Amino acid sequence: MAVIANNCPDIRVTLVDLNEERINNWNNADLSKLPVYENGLSDLVKINRNKNLFFTTNVQKSISEADIIFISVNTPTKIKGVGAGYASDLKWIESSARTIAKYAKGQTIIVEKSTVPVRTAELIRTILKSSVEKSGQYSSKKFSVLSSPEFLAEGTAIKDLQNPDRVLIGGDDNYAIEQLSLLYQKWIPKNKIFVTNLWSSELSKLTANAFLAQRISSINAISALCEETGADVREVTKAIGADTRIGNKFLNAGPGFGGSCFQKDLLNMIYLCRYYKLDEVANYWEEVLKINKWQKKRISKLIVEKLFGTVATKKLIILGFAFKSNTNDTRESPAISIARDLIENGANLYIHDPKVSESQIAMILGGDNADKDSAEGSWQFSEDLEKDCKNSDAIILLTEWEDYLKVNWEKISKLMRKPSWLFDTRGIINQEDLVGTDLNFWKIGKSFFKTNENI
Ligand code: UDX
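Residue numbers (my numbering): 19 to 473.
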């Protein structure tokens, strides 16, 4: 919405949320308090706030004044009831539709922005239609429902929104499609705006995420094979990525994909296939998730194995807790399950991340339980890497933050207990950076070697 406001000065954009604290933070004069950290976002908020970009909890008034309403609520995986563990929970979509049905006036275009299962627009339409019927034949209310899913990735959101590969508008009401298209055309070339039917638009979003996740699981599967055979996954990636049919993006082997979308959307896709009795298709996509889970497990297992089969009471440093760099988001981060496994094995973790806060980690892993005598391991937040590396047995790099490329390994390795280890699950550290250290170096997708024997 900040990008829309910035590109369309003549359009008034109002963000509504029931959560007062969140809205207060969006209105906070101190821009570091904005609820979302995203490169370039605070600048846009600063320029446009209270000009044509407003944040309010006044849902009723804002809906009644709106011509176009974007539903951008969360659709998490259901944790109980029918479809638990797979289906998306649409309760926020439903309640948004009911609220819109109640307060909207005149002709209103509803745009589904949230990622939703195919045919969710049907649900929204049904609710809106019943409200019009209830108001009787003289009702002034008229609704059109469009789907326009969002393809931005965190960390590059503003760039992705400003210059998208494509924008989708799914629907069957030509007037509504034209209105939304005109809005996008303020900054997006018309040939990048694809008009489809509603269901294709909804399914394209799930399919895009399923394909991207599948690429990562494919290369992660190959990373394990590389480690066994003496191939280097980065060389394989370069070789296959040069084939224009394959392309070189989204082929970085790592500790498994995280983030709020891939797993959720795959589960959604699997649920949908099972619902339509397409079990083979469901099983196919489920394998992508299984490889992802396996990749995380195999990393924690190999760390334990390399450290003489036990990490109990050992001091391990975790570099990075966010699900990828340039975000403070930890949702489904591979670091979570790897850290949990190591703690369960008795390790004492020191977790460092340039953007994730201690309280955020505590909410996920439980309170800081730095009790050195406990059989169960512990974790604590690391603010001073050099200090914390003292007497540590291993460093495990889990997020590809640029800061970690600047670490002085020679200095750090001298502080560690011998034999000391570096596990690079993102494959960003080069062997040459470790000259002068005696670190044992494991890098994803490459056969293990000991640095001082190889350099
Ligand atoms: C994703 C989609 O990219 C985006 O289009 C959609 O709208 C939302 O979901 P996001 O979750 O923000 O975006 O992050 P993305 O950059 O796609 O990364 C997802 C996960 O895959 C991260 O954990 C990342 O580290 C991992 N990843 C990505 C890899 O392991 N290797 C890669 O080559 C790329």
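Backbone N, C-alpha and C fix where the C-beta goes; we use that ideal spot for every residue, glycine too.
Quick caveat, the model's predicted, so the values are computed rather than measured.
Discussion item. Which residue marks the beginning of the alpha helix (DSSP H) containing TYR121, and which one marks its end?
Written reply: 109 to 121
Fill in: Residues near ASN472 by beta carbon distance below 6 Å, same chain, minus five either side
At ASN472, the pLDDT of 45 sits below 50, so the modelled position is not reliable; the number obtained from the coordinates is stated separately. Correct list: empty, nothing qualifies.
Worksheet item: With SER431 and ASP406 assumed to form a contact (beta carbons below 8 Å), what rounded beta-carbon distance in angstroms separates them?
Response: No, SER431 and ASP406 are not in contact; Cβ-Cβ is about 14 Å, not under 8 Å.
Discussion item. Just to confirm before moving on: does the CB-CB distance between ILE176 and GLY58 stay below 7 Å?
Written reply: yes
Worksheet item: Can you give, in chain order, each stretch of the beta strand (DSSP E) that sits fully within the segment 405 to 433 and has at least 3 residues?
Response: 412 to 415
Worksheet item: Between ALA115 and the rest of its own chain, which residues show a CB-CB distance below 8 Å, the 5 nearest in sequence each way excluded?
Response: ILE89, ILE128, LEU141, ILE142, ILE145 and LEU146
Worksheet entry | Whole-number beta carbon distance between TYR104 and THR93, since they are thought to touch under 8 Å | That pair is no contact at about 13 Å.
Item to complete: When you get a sec, list the residues whose CB is within less than 6 Å of any heavy atom of the ligand UDX, chain order please.
Response: GLU168, PHE169, LEU170, ALA171, GLU172, ASN227, LEU230, ILE234, PHE268, LEU269, ASN270, GLY272, PHE275, GLY276, GLY277, CYS279, PHE280, PHE341 and LYS342
Worksheet item: Can you give the beta carbon distance from LYS210 to PRO182, rounded, assuming they're within the 8 Å contact cut?
Response: 7 Å
Discussion item. I believe ALA271 touches SER318 by the beta-carbon criterion, under 8 Å. Please report the beta-carbon distance rounded to the nearest angstrom.
Written reply: Contact doesn't hold; Cβ gap of about 16 Å is too wide.
Fill in: DSSP-derived helix/strand/coil call for TYR368
strand
Discussion item. So, at 7 Å on beta carbons, what are the nonlocal neighbours of SER80 in its own chain, with the 5 sequence-adjacent residues on each side left out?
Written reply: THR32, VAL34 and THR74
Practice prompt. Out of GLU298, SER400 and GLY277, state which residue places its alpha-carbon closest to the alpha-carbon of LEU337.
Written response: SER400
Fill in: Complete alpha helix (DSSP H) runs within the segment 301 to 368 (minimum length 4 residues, chain order)
352 to 362
Item to complete: Pick helix, strand or coil for PHE459, following the three-state DSSP scheme.
Response: strand
Practice prompt. Can you give me the start and stop residues for the beta strand (DSSP E) that ASP442 sits inside?
Written response: 439 to 442
Worksheet item: Are the CB atoms of GLY189 and LEU164 nearer to each other than 7 Å?
Response: yes
Fill in: Simplified DSSP assignment, three categories, for SER148
helix
Practice prompt. Quick one: give me the first and last residue of the alpha helix (DSSP H) that TRP397 is part of.
Written response: Where TRP397 is concerned, there is no enclosing alpha helix (DSSP H), although the beta strand (DSSP E) it sits in stretches over 396 to 399.
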